[in-house]
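Peer 1: The following block contains the structure, expressed as structure tokens.
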Amino acid sequence: MKENLVKIIGSIGICIAIFIVLIVVLVPVYWMVITAIRPEIDIYRRTFFPADITLDHFIEIFSNKPLRQFHVYITNSLIVSLSVMCISIILGSLAAYSLVFIYYRGKDLASSFILFAYVFPGFILMVPIYMIFRSLGLTNTYLGLILADLIGAVPFATWMLRGYFIGIPADLVDSAKVDGCSHLSILFRIILPVAAPGVVTAAVFSFVSSWGSLLFPLLLIEGERLLTLPLGIMRFAFGEAYHWGPLMAAAIISALPPTILYGLVQKYLVKGLLAGAVKG
Numbered sequence: 064m065k066e067n068l069v070k071i072i073g074s075i076g077i078c079i080a081i082f083i084v085l086i087v088v089l090v091p092v093y094w095m096v097i098t099a100i101r102p103e104i105d106i107y108r109r110t111f112f113p114a115d116i117t118l119d120h121f122i123e124i125f126s127n128k129p130l131r132q133f134h135v136y137i138t139n140s141l142i143v144s145l146s147v148m149c150i151s152i153i154l155g156s157l158a159a160y161s162l163v164f165i166y167y168r169g170k171d172l173a174s175s176f177i178l179f180a181y182v183f184p185g186f187i188l189m190v191p192i193y194m195i196f197r198s199l200g201l202t203n204t205y206l207g208l209i210l211a212d213l214i215g216a217v218p219f220a221t222w223m224l225r226g227y228f229i230g231i232p233a234d235l236v237d238s239a240k241v242d243g244c245s246h247l248s249i250l251f252r253i254i255l256p257v258a259a260p261g262v263v264t265a266a267v268f269s270f271v272s273s274w275g276s277l278l279f280p281l282l283l284i285e286g287e288r289l290l291t292l293p294l295g296i297m298r299f300a301f302g303e304a305y306h307w308g309p310l311m312a313a314a315i316i317s318a319l320p321p322t323i324l325y326g327l328v329q330k331y332l333v334k335g336l337l338a339g340a341v342k343g
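For the sequence shown, the working numbering assigns the number 64 to the initial residue and increments by one for each residue that follows.
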């Protein structure tokens, strides 16, 4: 009897905790949405449901003169994020393969350095990165933005893929070597297809990390031409005035690509996270 009562109380407690977490997560999202679809005059009214619905704020961010570059911000973010995603997966898979399937001295030390590079706070590197990139002429360039984001994306992809590769039987690689396959052939024809959930997970996290990156674009970019979406959204605060309607509309649009990406690869994402966490 007591055990059943404890289980019931525990279940109720878990449900309450989940409900509280959902409120904390969903209420800001809901408020963002209703602010984006409310008329300007209704934004500051303390009502939980909008009296009228409008799409004027979404139209404004693409047509209003001070904000007419919004489509450019989206394009820049897509170029940088997709490049970071592809490059980090290629370099991360090569590094992870060498850490798992190639035997050499100092391999464990290399793994430790890669992990250290991932957890090292990025803001500490701001000054040296700026000085180096400026001396190389990489400020105000796509290449500079991509390289800056790769500083964190490649170590993460390497560590995530390493955790997944560890679970692949070494006999599979040895058999391929006996058949005359090179390391690159083994990686791209055997390892990566088997490790597809881990690859998808690393790719998604690399994309999302670069998509929301603010620190390095703020450091490296001047002018309008190469502003990314996070910097573009900052332009909705003019002096001391915040244009909440367009700001929330822009935030919704900026959240769509990561949300759609998560939805499309959710099945692989869960498998990759579980496998990488357990095996790594």
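Positions of the beta carbon are idealized from the N, C-alpha and C atoms, including for glycine.
Tell me which same chain residues have a C-beta within less than 6 Å of the C-beta of GLY343, skipping the five on either side of it?
Peer 2: Any reading at GLY343 needs caution, since the residue's pLDDT is 48, under 50, leaving its predicted position unreliable; the model's value is listed next. The residues are GLY226.
Peer 1: Which first and last residues belong to the alpha helix (DSSP H) in which ALA220 is found?
Peer 2: Unbroken alpha helix (DSSP H) run through ALA220: 205-228.
Peer 1: Check whether the Cβ atoms of LEU201 and LEU210 sit closer than 8 Å, and answer yes or no.
Peer 2: In this structure, LEU210 lies closer than 8 Å to LEU201 by Cβ.
Peer 1: Quick check: GLY155 and ALA265, are their CB atoms within less than 8 Å of each other?
Peer 2: Yes, the pair counts as a contact, with Cβ atoms nearer than the cut-off.
Peer 1: Tell me whether ALA258 is buried or exposed, calling it buried when 16 or more other Cβ atoms sit within 10 Å of its Cβ.
Peer 2: Buried, because 16 or more other Cβ atoms sit within 10 Å of the Cβ of ALA258.
Peer 1: Taking contact to mean at least 3 C-beta pairs separated by less than 8 Å, is the region 168-181 in contact with the region 108-125?
Peer 2: The answer is no - the region 108-125 does not touch the region 168-181, with fewer than three Cβ pairs under 8 Å.
Peer 1: Return the bridge partner residues of TYR136 from the DSSP annotation.
Peer 2: DSSP lists no partner for TYR136.
Peer 1: DSSP state of TYR93, grouped into three classes?
Peer 2: The answer is helix: DSSP assigns TYR93 an H, G or I state.
Peer 1: Under a three-way DSSP split, which group does TYR166 fall into?
Peer 2: TYR166: coil per DSSP, three-state reduction.
Peer 1: Return helix, strand or coil for PRO293, following the three-state DSSP convention.
Peer 2: In the structure shown, PRO293 sits in a helix (DSSP, three-state: H, G or I).
Peer 1: Taking the CB atoms as reference points, tell me whether PHE279 and LEU206 lie closer together than 8 Å.
Peer 2: No, they are not a contact pair.
Peer 1: Taking C-alpha atoms, which residue in PHE164, ILE75, HIS120 lies nearest to LEU310?
Peer 2: Here the closest residue by C-alpha is HIS120.
Peer 1: When DSSP labels each residue in this structure, what does ASP171 get in the three-state scheme?
Peer 2: ASP171: helix per DSSP, three-state reduction.
Peer 1: Rounded to whole angstroms, what is the Cα-Cα separation between ARG101 and SER175?
Peer 2: Taking the straight line from one Cα to the other gives about 51 Å.
Peer 1: Does the beta-carbon of HIS134 have 16 or more other beta-carbons within 10 angstroms, so that it is buried, or is it exposed?
Peer 2: Classification for HIS134: exposed.
Peer 1: By Cβ distance, which residues of its chain are closer than 6 Å to PRO424, with the 5 residues on each side in sequence left out?
Peer 2: It is not possible to answer for residue 424, since the shown part of the chain is limited to 64 through 343.
Peer 1: Below 8 Å, how does it come out for the region 145-160 and the region 241-257: are there three or more Cβ pairs, yes or no?
Peer 2: Yes, since at least three Cβ pairs between the region 145-160 and the region 241-257 fall closer than 8 Å, the two stretches touch.
Peer 1: Using CA atoms only, rank isn't needed, just tell me which of LEU319, PRO320, ALA314, ALA318 is closest to ILE124.
Peer 2: Considering only alpha carbons, the answer is ALA314.
Peer 1: Classify LYS342 as helix, strand or coil using the three-state DSSP reduction.
Peer 2: Residue confidence is low: LYS342 scores 48 on pLDDT, short of 50, so the model does not pin down where it sits. Its coordinate-derived value is still stated next. Three-state result, LYS342: helix.
Peer 1: Using the C-alpha atoms, what's the distance from PHE270 back to VAL147?
Peer 2: Roughly 7 Å separates the two Cα atoms.
Peer 1: So what's ASP115 in DSSP terms, helix, strand or just coil?
Peer 2: It is coil, neither helix nor strand.
Peer 1: At which residues does the alpha helix (DSSP H) containing ARG197 begin and terminate?
Peer 2: Taken as a continuous stretch (DSSP letters only), the alpha helix (DSSP H) holding ARG197 covers 189-198.
Peer 1: DSSP three-state call for ASP105: helix, strand or coil?
Peer 2: Three-state result, ASP105: helix.
Peer 1: Taking just the CA atoms, how far does TRP94 sit from GLY76?
Peer 2: In a straight line, the C-alpha of GLY76 is about 27 Å away from that of TRP94.
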